[in-house]
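J.:
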Amino acid sequence: MGHLDHAAFGWLTPVLSYAMACIGAALGLRCTVRALGATGRSRRNWLVTAASAIGTGIWTMHFVAMLGFGVGGTDIRYDVPLTVLSLLVAMVVVCAGVFAVGHSRGRTRALLIGGLTTGLGVASMHYLGMAAVRLHGDVTYDPMLVGLSVVIAVLAATAALWAALDIKSPVAVTLASLVMGAAVSSMHYTGMFAVHVQVTPSRETLPGATAMQFVFPLAVGLGSYLFLTSAFVALSPTAGEHEASASAQRTEGTAGRRQARTV
Numbered sequence: 000m001g002h003l004d005h006a007a008f009g010w011l012t013p014v015l016s017y018a019m020a021c022i023g024a025a026l027g028l029r030c031t032v033r034a035l036g037a038t039g040r041s042r043r044n045w046l047v048t049a050a051s052a053i054g055t056g057i058w059t060m061h062f063v064a065m066l067g068f069g070v071g072g073t074d075i076r077y078d079v080p081l082t083v084l085s086l087l088v089a090m091v092v093v094c095a096g097v098f099a100v101g102h103s104r105g106r107t108r109a110l111l112i113g114g115l116t117t118g119l120g121v122a123s124m125h126y127l128g129m130a131a132v133r134l135h136g137d138v139t140y141d142p143m144l145v146g147l148s149v150v151i152a153v154l155a156a157t158a159a160l161w162a163a164l165d166i167k168s169p170v171a172v173t174l175a176s177l178v179m180g181a182a183v184s185s186m187h188y189t190g191m192f193a194v195h196v197q198v199t200p201s202r203e204t205l206p207g208a209t210a211m212q213f214v215f216p217l218a219v220g221l222g223s224y225l226f227l228t229s230a231f232v233a234l235s236p237t238a239g240e241h242e243a244s245a246s247a248q249r250t251e252g253t254a255g256r257r258q259a260r261t262v
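Take the sequence shown: its position 75, counted from the start at 1, is 74 in numbering that gives the first Met the number 0, and no numbers get skipped.
#1: What are the boundary residues of the beta strand (DSSP E) that includes His2?
#2: In angstroms with no decimal places, state the Cα-to-Cα distance between Ala24 and Ser176.
#3: I need the straight-line Cα distance from Cys21 to Ala52, nearest angstrom please.
#4: Closest by CA to Leu81, which one among Ala50, Gly69, Cys30, Phe62?
#5: Using a Cβ-Cβ cutoff of less than 6 Å, which residues in the same chain neighbour Ala49 once the five nearest sequence positions on both sides are dropped?
#6: In terms of DSSP beta bridges, what is Leu134 paired with?
#7: Determine the contact status of Gly222 and Arg133, defining contact as a CB-CB distance below 8 Å.
#8: Determine the DSSP secondary structure at Ala210, reduced to helix, strand or coil.
#9: Quick one, are the C-beta atoms of Val178 and Ala152 less than 8 Å apart?
#10: Within the same chain, show all residues whose beta-carbon is closer than 7 Å to that of Gly113, passing over the 5 residues directly before and after it, in chain order.
#11: Run through DSSP, which three-state label would Thr139 get?
#12: Please classify Leu66 as buried or exposed, where buried requires at least 16 other C-beta atoms within 10 Å of its C-beta.
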C-alpha cells in the first residue's frame, strides 16, 4: 500500500484551493443576483457568467489541491484529455443548475432538480479528475466515503442555489461563499480520503503530463479569469444603479422641457 500525502506543500495547497472555491462561489452568487434582477439576453449572459465562475472555482479548487497530492513509491501524471473533460463537465452541470434556478417558476422544484444535477456533476468532475491520474499501481476507493462525498456535493450545490435565490447583500454573499467554499473543500478531501493505492514499482515512463507542466499553468490561467471577472462584476452597475440613472435622466429631461416652455 502506497503512502498518500494530501498536502505535500503543507498548508499552502489546502488554503489556496479553499480560497479559489470561495472566490468562484462569491462571484457566481453575485452574478446570479444580477441575473435575477435582469431580463432577456442580459439575464442569460449573467447566468452564463455565474455558471462559468462557479464551475471554474470548483475545478480550480480541485486541481490546486491535487498539486499537493503525492503517493510514495511512484510518480504521478495526468491524462490531458480527461483533465480538460472534467473542466467541461464542471462548467456544463453548474450551468444547468444555475439556469434551472434562473428560469424556473417553481422554487422548490428548481432547487431540488438544480441541486441534484449540479451536485452529481461536481462529483463527476472530481472523479473524472481522479480518473485522469496516472501512476504505477492500482487505485481503489472506499465506497462509503465515495457515497459521503457525493452527498456533500449535492448538499453544497443545493445550498449554493438556495443562496443565489435568497441572499442579496454583499456581506451575506461573502459569508455564504465562505460556507460554500468549506463545503466544496470538504467534498474534495472526503473523496481523496476514500482513495487507496497499491503501488507496483516500475521504471516505465508514465503517460500524460506532470502537474507543473499542465495542471499548474491551467489553474493559474483560470484563477486569473476569476480575478478579472470579479473586477468586471464589481465595476458593472447594478439593476438599482441602472434604474437610478434612468430616473435621473428622465427627471433632467422633464426639467429641461419645462424650462423650454417657460422661455
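Cβ coordinates follow ideal geometry from the N, Cα and C atoms, glycine included.
T.: Considering the structure as presented:
#1: Bounds of any beta strand (DSSP E) do not take in His2, whose DSSP letter is neither H nor E.
#2: Spanning the alpha carbons of Ala24 and Ser176 requires a straight line of approximately 5 Å.
#3: 11 Å
#4: Of the candidates Ala50, Gly69, Cys30, Phe62, the one whose C-alpha sits nearest the C-alpha of Leu81 is Phe62.
#5: Around Ala49: Gly27, Cys30, Thr31, Val97.
#6: Per DSSP, Ile75.
#7: no
#8: The three-state secondary structure of Ala210, taken from DSSP, is helix.
#9: no
#10: Gly96, Ala99, Val100, Leu160
#11: strand
#12: buried
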